[in-house]
Every structure is written in C-alpha cells, then in structure tokens.
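Residue numbers (the UniProt record's numbering): 1 to 190.
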C-alpha cells in the first residue's frame with residue numbers, strides 16, 4: 001500500500017469539494033468528509049477504499065503531513081472556503097474559536113461569502129435565519145469575536161486557494177514522499 005498516494009486523497013477531499021465523487025461521499029459519510037477526514041464515524045458498511053484512506057490517521061508521521069492543521073485556505077472570493085469548518089483565519093478554525101455559536105448556527109457547512117452576506121443583513125443577536133435560538137448573554141464574547149473576524153474580511157475576485165502548510169504551497173505526492181522520507185530518517189537517527 002502506497003501511503004503517499006493515499007495522502008493525495010486527503011488533499012483532494014478538501015480541494016475538490018464540488019466534484020461529483022466528493023458530493024456522493026459527503027452524502028454517504030457526512031459533510032465532515034469534505035473538510036476533516038480525522039475521526040470520521042465509519043460504520044462496518046464503509047467501503048474498503050474509504051477505510052484505507054482514513055486509516056492513515058493512526059500513523060503519527062502521516063498526520064504531520066495531512067492532518068487538519070496541514071491545510072489552510074487563502075481567502076480571496078470566499079466561495080470555496082467553509083466559514084466555520086475550514087482553517088482560513090489567522091487564529092484558526094472559527095468553529096473552534098466560537099463553539100457555542102457553531103452549535104446554534106443554521107449556517108453550518110456554508111461558504112464564507114454566503115455567511116458574511118447573511119451576517120451583514122443586520123441584527124446579529126435576533127437573526128432567526130442565522131441562529132436556531134435567541135442569543136443569550138453568555139454568547140456575547142463569541143459574538144464579539146465573530147464581529148471582529150467578519151469586519152476584517154476583504155474579498156477579491158480571485159478564487160480561494162488551498163495551501164499545504166508543510167511546503168506553503170500545493171500538495172504534491174513527490175514532495176510528500178520526500179518529507180515522509182526525511183521524517184523517517186530523522187526518527188531513525190534519534
């Protein structure tokens with residue numbers, strides 16, 4: 001089994017979200033399939049291919065190359081980035097920064113541009129389109145975080161770009177193989 005070729009699927013799951021195969025697999029295995037392959041809930045009826053792809057999460061050296069923190073989006077037009085679930089903001093994934101608001105948002109798995117447009121329509125606290133319940137005082141801190149984040153967003157006409165953080169560029173199997181080889185050499189020397 002070529003682990004490097006399997007890691008390419010992790011990249012493709014994130015970057016090829018609009019493809020038919022990704023849509024089908026996201027419907028079968030849940031929306032998390034297109035933004036975080038770690039800890040997917042796979043049943044016994046999962047295909048061998050999917051179990052193989054996700055099995056690399058059990059290999060620490062592989063997760064240093066394809067874990068969730070290895071894929072960061074560069075914000076441009078906001079049409080490919082999942083607002084809550086993707087890592088695009090300098091402080092990390094919005095879902096993690098504002099867990100209370102994430103639990104009650106009706107806009108899970110939506111693109112950044114779409115969420116920003118809804119947010120900018122006005123009243124953030126009493127917006128029943130955004131939230132599944134009225135906001136309470138304990139939500140204020142996270143609302144402030146969200147206001148600051150959304151207020152700092154500048155969109156352009158260019159397409160959003162996914163960066164593979166170990167190389168600060170596009171994922172390639174060649175570079176992944178080199179990095180994995182270096183990791184294993186270092187591990188053997190220590």
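We put the CB at the ideal spot given by N, CA and C, even for glycine.
The structure displayed is predicted, hence computed values, not measured ones.
Here's the rule I'm using: 16 or more other beta-carbon atoms within 10 Å means buried, otherwise exposed. How should residue i be labelled?
| i | result |
| --- | --- |
| residue 144 | exposed |
| residue 21 | exposed |
| residue 54 | buried |
| residue 1 | Note that residue 1 scores a pLDDT of 48, beneath 50, so its modelled location is shaky; the value from the coordinates is reported in the next line. Residue 1 should be labelled exposed. |
| residue 33 | buried |
| residue 37 | buried |
| residue 181 | exposed |
| residue 185 | exposed |
| residue 93 | buried |
| residue 24 | exposed |
| residue 62 | buried |
| residue 17 | buried |
| residue 170 | exposed |
Using a Cβ-Cβ distance cut-off of 8 Å, determine whether residue i contacts chain C.
| i | result |
| --- | --- |
| residue 10 | Among the protein chains of the structure shown there is no chain C, as only one such chain exists. |
In the DSSP output, which residue or residues are listed as bridge partners for residue i?
| i | result |
| --- | --- |
| residue 71 | 164 |
| residue 82 | 111 |
| residue 122 | Partner(s): none; residue 122 has no beta bridge. |
| residue 131 | 105 |
Along the chain, where does the alpha helix (DSSP H) containing residue i start, and where does it finish?
| i | result |
| --- | --- |
| residue 61 | 60-66 |
| residue 22 | 20-29 |
| residue 9 | 3-15 |
| residue 51 | 48-55 |
| residue 102 | 99-104 |
| residue 119 | 112-119 |
| residue 150 | 140-151 |
Of all the options the options, which has the alpha carbon lying nearest to the alpha carbon of residue i?
| i | options | result |
| --- | --- | --- |
| residue 191 | 156, 10, 152 and 15 | The chain is shown only over 1 to 190; residue 191 falls outside these bounds and no answer can be derived. |
| residue 140 | 154, 128, 124 and 130 | 124 |
| residue 166 | 105, 27 and 68 | 68 |
| residue 150 | 135, 29, 177 and 121 | 121 |
| residue 81 | 153, 5, 168 and 173 | 153 |
| residue 56 | 10, 108 and 95 | 10 |
Flag this pair as yes or no: are the beta carbons of residue i and residue j separated by less than 8 Å?
| i | j | result |
| --- | --- | --- |
| residue 142 | residue 111 | no |
| residue 3 | residue 179 | no |
| residue 77 | residue 157 | yes |
| residue 105 | residue 131 | yes |
| residue 118 | residue 129 | yes |
| residue 85 | residue 35 | yes |
| residue 71 | residue 155 | no |
| residue 5 | residue 172 | no |
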